[in-house]
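Student:
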Amino acid sequence: MRYSWRPAAAGPFVAAGVATLLLIASLVWGGDDDAGFLNGRQLRLMAPAAPGGGWDQTAREMQAALRTEAGRTEVYNVAGAGGTIGLSQFVSHEGDPTQLMVMGLVMVGAIESNDSPVALDRTTPLARLLTDYEVIVVPADSPVKNMADLVNAMKDDVGKVSWAGGSAGGIEQILAGLVADAVGADPAEVNYVAHSGGGEALSTLLSGRATAGVSGVSELEGQIKAGTIRPVAVSSPQRLPTLPDVPTLKEQGVDVELANWRGVVAPPGISAADERQLEDLLVRMTRTEAWKETLQRRGWLDATMTGDQFEQYIAGERRTVTDVLVKMGLA
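Just so you know, we're using my numbering here: the sequence shown kicks off at 1177 and counts up by one.
#1: Can you tell me whether DSSP reads Arg-1220 as helix, strand or coil?
#2: How about Ser-1391 and Gly-1341: do their beta carbons lie closer than 8 Å?
#3: So which of Pro-1315, Glu-1455 and Leu-1434 has the shortest CA-CA distance to Ala-1402?
#4: Measure the Cβ-Cβ separation of Asp-1317 and Val-1334 and say whether it is below 8 Å.
#5: Closer than 8 Å is the cut-off here; do at least three beta carbon pairs connect the segment 1294-1303 with the segment 1267-1286?
#6: Would you kindly work out how many angstroms separate the C-alpha atoms of Lys-1321 and Ala-1352, rounded to a whole number?
#7: Per the contact definition of three or more C-beta pairs closer than 8 Å, is the segment 1356-1375 in contact with the segment 1219-1233?
#8: Can you tell me where the beta strand (DSSP E) holding Leu-1434 begins and where it ends?
#9: Would the C-beta of Asp-1431 count as close to the ligand PLP, meaning under 7 Å from any of its heavy atoms?
#10: Per DSSP, Met-1323 forms a beta bridge with which residues?
#11: By Cβ distance below 6 Å, which residues in the same chain neighbour Ala-1344 in space, the five residues on each side in sequence not counted?
#12: Counting only the same chain and skipping the five closest in sequence on each side, list residues whose C-beta sits under 7 Å from that of Leu-1454.
#13: Helix, strand or coil, according to DSSP, for Thr-1480 in the structure here?
#14: Tell me the residue span of the alpha helix (DSSP H) that contains Asp-1232.
#15: Among residues of its own chain, excluding the 5 on either side of Thr-1498, which ones have a beta-carbon nearer than 8 Å to its beta-carbon?
#16: From this set, Gly-1230, Glu-1245, Gln-1349 and Thr-1249, which residue's C-alpha is nearest Arg-1474's C-alpha?
#17: Near Thr-1234, what residues of its chain come up, given a Cβ to Cβ distance below 6 Å and the 5 sequence neighbours on each side ignored?
#18: Is Pro-1363 helix, strand or coil when you go by DSSP?
#19: Starting from the Cα of Ala-1388, find the closest Cα among Val-1327, Arg-1220, Val-1440 and Gln-1218 and give me that residue.
#20: DSSP on Thr-1470, reduced to helix/strand/coil?
#21: Using 8 Å as the Cβ pair cut-off and three pairs as the minimum, do the segment 1456-1464 and the segment 1477-1490 touch?
#22: Tell me whether Arg-1495 is buried or exposed, calling it buried when 16 or more other Cβ atoms sit within 10 Å of its Cβ.
Dropping the structure here:
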């Protein structure tokens, strides 16, 4: 069975719509009005995870890219439960357009698997920004040399192959379950060790307490280049420019591909005018040279989407994630 889960590419009509939005924004609001929109206040951007992970990286890269558009932006971390602890705190900022939060596919899964009392429908979705593929790694001295070795171990006893990754119900656990299903093992029997951040998962892997690790390419690229861990597969449809020597899962006979995505939401109850100006601010940020350089350096792919289209996209992702988690016995 083939699993393919990628955000739809923006077509020419979407691109034209974004261009129109930018033109209207420049005529109606403009730079001086943007300063009035903030009214001298500082944007605060929550990364609902521990420092070092994908959400934290995204928030801090946004901080740099927003400097020319909105001045200094404060970034802070609220870790735990796949972002749902941060989410529950974030919605208390009702009506405040200076509060933003990074989120993404991981949070969608965590809300379902943790049965979170607060869901994303309590926020104001602003923009999807990027996609990031996953990489499966093993310690440098591991007897597992490639994906075939890992697959054979899973076929022998899927429960003896432990995976270190991010939060329960997140993209890393979903990927482990999809790989198990694709090779004929029971996804519900996957031995997954959840962590609140990529740094903790890496420590578990290097300590020998996990067979394999899985995380976003941008989170593990440094350790891969340092030689402390060895990549055995990426979840992209083709090899990635940042890891050109690492084969895809599909190349190695595991018919799975999976893309993560990250976006930004505002609190509930902000005005329609504030929502439009925040969306415009984020679109302009994605057009800056600083952000373009970030995407290239991190190996992230541009996936800008705003407005009703983004809200509908989140709803569709929730349905897809729920179906996968039910199969894994997590929702």
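Every residue, glycine too, gets a C-beta built ideally from N, C-alpha and C.
Tutor: Quick answer:
#1: Strand at Arg-1220.
#2: Yes, Cβ-Cβ distance for Ser-1391 and Gly-1341 is below 8 Å.
#3: Of the candidates Pro-1315, Glu-1455 and Leu-1434, the one whose C-alpha sits nearest the C-alpha of Ala-1402 is Pro-1315.
#4: No; because the gap between Cβ atoms is not below 8 Å, this pair is not in contact.
#5: Yes, since at least three Cβ pairs between the segment 1294-1303 and the segment 1267-1286 fall closer than 8 Å, the two stretches touch.
#6: Each residue's alpha carbon lies about 18 Å from the other.
#7: For the pair of segments examined, the segment 1219-1233 was found to touch the segment 1356-1375: the number of CB pairs separated by less than 8 Å reaches three.
#8: Per DSSP, Leu-1434 belongs to the beta strand (DSSP E) from 1432-1442.
#9: The ligand PLP is absent from the structure shown, which contains no ligand whatsoever.
#10: In DSSP, Met-1323 forms no bridge with anything.
#11: Within the same chain, Ala-1344 has close Cβ partners Ser-1289 and Ala-1370.
#12: So the list reads Pro-1273, Leu-1302 and Ala-1442, once near-sequence residues are dropped.
#13: Reduced to three states, the DSSP call for Thr-1480 is strand.
#14: Counting along the chain, the alpha helix (DSSP H) containing Asp-1232 begins and ends at 1230-1241.
#15: So the qualifying residues of the chain are Glu-1288 and Ala-1507.
#16: Nearest C-alpha to Arg-1474 among Gly-1230, Glu-1245, Gln-1349 and Thr-1249: Gly-1230.
#17: Cβ neighbours of Thr-1234 within its own chain (closer than 6 Å, five residues either side excluded): Val-1278 and Arg-1438.
#18: Three-state result, Pro-1363: helix.
#19: The shortest Cα separation from Ala-1388 among Val-1327, Arg-1220, Val-1440 and Gln-1218 belongs to Val-1327.
#20: In the displayed model, Thr-1470 falls within a helix according to three-state DSSP.
#21: At 8 Å Cβ cutoff, the stretches touch.
#22: Flag for Arg-1495 reads exposed.
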